[in-house]
Amino acid sequence: MIRIEVDEKSGFCTGVVRAVKKAQENLEDSETLHSLGDLVHNPEEVNRLEEMGLQSISYDEFEKLRDTTVLIRAHGEPPATFRKAEAQNIKLVDATCPIVRRLQKQIGDTYSALRGKQGSILIFGKSSHPEVRALVGQTEGNAIVVRDPRELSITIKSPVYLYSQTTMNLDEYGQFQDALKDRMISLGMDPEKDLHVYNTVCGQVSSREKYLREFVARYDLIFFVSGRESSNGKALFKICKKVNDKTYFISNPQESDEIELNRIGSIGICGATSTPGWLMSAVKARLQERMNISGS
Ligand code: SF4
Numbered sequence: 133m134i135r136i137e138v139d140e141k142s143g144f145c146t147g148v149v150r151a152v153k154k155a156q157e158n159l160e161d162s163e164t165l166h167s168l169g170d171l172v173h174n175p176e177e178v179n180r181l182e183e184m185g186l187q188s189i190s191y192d193e194f195e196k197l198r199d200t201t202v203l204i205r206a207h208g209e210p211p212a213t214f215r216k217a218e219a220q221n222i223k224l225v226d227a228t229c230p231i232v233r234r235l236q237k238q239i240g241d242t243y244s245a246l247r248g249k250q251g252s253i254l255i256f257g258k259s260s261h262p263e264v265r266a267l268v269g270q271t272e273g274n275a276i277v278v279r280d281p282r283e284l285s286i287t288i289k290s291p292v293y294l295y296s297q298t299t300m301n302l303d304e305y306g307q308f309q310d311a312l313k314d315r316m317i318s319l320g321m322d323p324e325k326d327l328h329v330y331n332t333v334c335g336q337v338s339s340r341e342k343y344l345r346e347f348v349a350r351y352d353l354i355f356f357v358s359g360r361e362s363s364n365g366k367a368l369f370k371i372c373k374k375v376n377d378k379t380y381f382i383s384n385p386q387e388s389d390e391i392e393l394n395r396i397g398s399i400g401i402c403g404a405t406s407t408p409g410w411l412m413s414a415v416k417a418r419l420q421e422r423m424n425i426s427g428s
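Here it is in structure tokens:
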């Protein structure tokens, strides 16, 4: 009989699990709750929460809101958002991930210690990412966001403090550090003395790649479940496909119907950090139904 297994390590990180739980708890007490941006990069989960009463709003819509309740998602928000909410009589349900909050504090403390002195705070990350915008907000907009070693022609002053967005790739962070050291040497700085590097990539993301490689190698066929817009989903799918050529990207259980399952002995189901566990279980149930296997 065909073996079908869901990867128990795939799916939401603890920060997102916590944010979803907070949203659900608050929706039990009130009919409507606004979320500043989508709570997760997964349309199926966004729809499920919408049906419960969660409404995603844009930053422009937030500007116009008054006297209501807004959820801050796991990525966090800059201090300006908290000030605005107070001025507009908006109650905030703060679901900032504790790991992100710790990083915000670390960067904010470094910025305060540097006040009136020379130095640069660099953040290795994507400037448009909400987590990064919130991190830059801890420095009154003064931190420099860089993602590519080629962007290092910018002016940097020693000492240099380097942090990473929590969801960046660990190897790329290492390569960036090497390039930064070279750049500092070319500017006459001593990286041994003047460069302070903080490993702030989240372990829940960095360990997943290695684990997924091992997982997908164990099955004849893989269904990788993720929203099509999730950048984490796209990156992890590529890795899985490289290891197991019979890896298929699907966004919902119905899409699995299009894949032929003849001569397949085992199927693995895995997903991105934004894929809810219930969605991967639903894919398993659909496959079992298709093959007339009783559920387990
Ligand atoms: S990836 Fe890590 S730091 Fe980011 S929200 Fe999830 S648990 Fe928190």
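Residues in the sequence shown are numbered from 133 upward in steps of one, following the working numbering.
Idealized CB from N, CA, C, for every residue including glycine.
Predicted, not measured: the structure shown is a model, and the values here were computed from it.
Does at least one heavy atom of the ligand SF4 sit under 8 Å from the Cβ of C402? no
Roughly how many angstroms separate the alpha carbons of G126 and R350, rounded to a whole number? The question about residue 126 has no answer here: the residues shown for the chain are numbered 133 through 428.
Could you give the distance in angstroms between the alpha-carbon of T405 and the alpha-carbon of Q297? 15 Å
Separation of R233 from D326, as counted between CA atoms: 26 Å
State the Cα-Cα distance for the pair L319 and A311, rounded to the nearest angstrom. 13 Å
Just checking my contact of R215 with S167 at CB under 8 Å: how many whole Å lie between their CB atoms? Their Cβ separation, rounded to whole angstroms, is 19 Å, which puts R215 and S167 out of contact at 8 Å.
Less than 9 Å between the C-beta atoms of S388 and D352, yes or no? It is not a contact, given that the beta carbons lie outside the stated cut-off.
Proximity winner among V202, L171, N174, D170, relative to T164 (alpha-carbon distances): V202
Residues near I396 by beta carbon distance below 7 Å, same chain, minus five either side: I134, D352, L353
What did DSSP end up calling G365 once you bin it into helix, strand or coil? helix
Tell me the residue span of the alpha helix (DSSP H) that contains Q236. 230 to 246
Which residue marks the beginning of the alpha helix (DSSP H) containing E341, and which one marks its end? 335 to 348
For F381, collect the residues of the same chain with a Cβ closer than 6 Å to its Cβ; drop the 5 residues on either side in sequence, then sort them by chain order. F356, F369
Note the first and the last residue of the continuous beta strand (DSSP E) segment covering M226. Note that residue 226 corresponds to Asp in the displayed sequence, not to Met. Its beta strand (DSSP E) spans residues 223 to 226.
Quick one: Cα of D161 to Cα of T200, how far? 14 Å
Selection from G306, P281, P211, N274 that minimises the alpha carbon distance to A266: Ranked by how close their Cα comes to the Cα of A266, the residues G306, P281, P211, N274 have P211 in first place.
Beta strand (DSSP E) runs contained entirely in the region 264 to 334, provided each spans 3 or more residues: Correct list: 276 to 278, 292 to 296, 327 to 329.
List the DSSP bridge partners of I401. As computed with DSSP, I401 is found in a beta bridge with V138, F355.
Contact between the region 184 to 199 and the region 216 to 228 is defined here as three or more beta-carbon pairs at a separation below 8 Å; is this criterion met? Output reads yes: the region 216 to 228 touches the region 184 to 199.
Following the continuous alpha helix (DSSP H) through Q156, name the residue where it begins and the one where it ends. 146 to 161
I'd like to confirm the pairing. Which residues does DSSP put opposite V202 in its beta bridges? H166, L224
State yes or no: is the C-beta of G365 nearer than 8 Å to some heavy atom of the ligand SF4? For G365, the distance from the CB to the nearest heavy atom of the ligand SF4 is not below 8 Å.
For the ligand SF4, is there any heavy atom lying closer than 8 Å to the beta carbon of Q336? yes
Would the region 284 to 302 count as touching the region 252 to 264 if we require 3 or more Cβ pairs under 8 Å? yes
Can D170 and S142 be called in contact, C-beta distance under 9 Å? Taking 9 Å as the Cβ cut-off, D170 and S142 do not qualify as a contacting pair.
Is it true that the CB of T213 sits closer than 9 Å to the CB of G240? no
Tell me which residues share the same chain as E371 and place their Cβ nearer than 7 Å to its Cβ, disregarding the 5 neighbours each side in the sequence. The amino acid occupying residue 371 in the given sequence is Ile; Glu does not appear at that position. These residues qualify, in order along the chain: E341, L344, R345.
DSSP bridge partner residues for I255 (one or two, in chain order): V277, Y295
Hey, quick one: how far does the beta strand (DSSP E) through T379 stretch, first residue to last? Per DSSP, the unbroken beta strand (DSSP E) holding T379 starts and ends at 379 to 382.
Residue from G359, Q386, N376 with nearest C-alpha to E177: Of the candidates G359, Q386, N376, the residue whose Cα lies closest to the Cα of E177 is G359.
Indicate, with yes or no, if the ligand SF4 has a heavy atom lying under 8 Å from the CB of I231. yes
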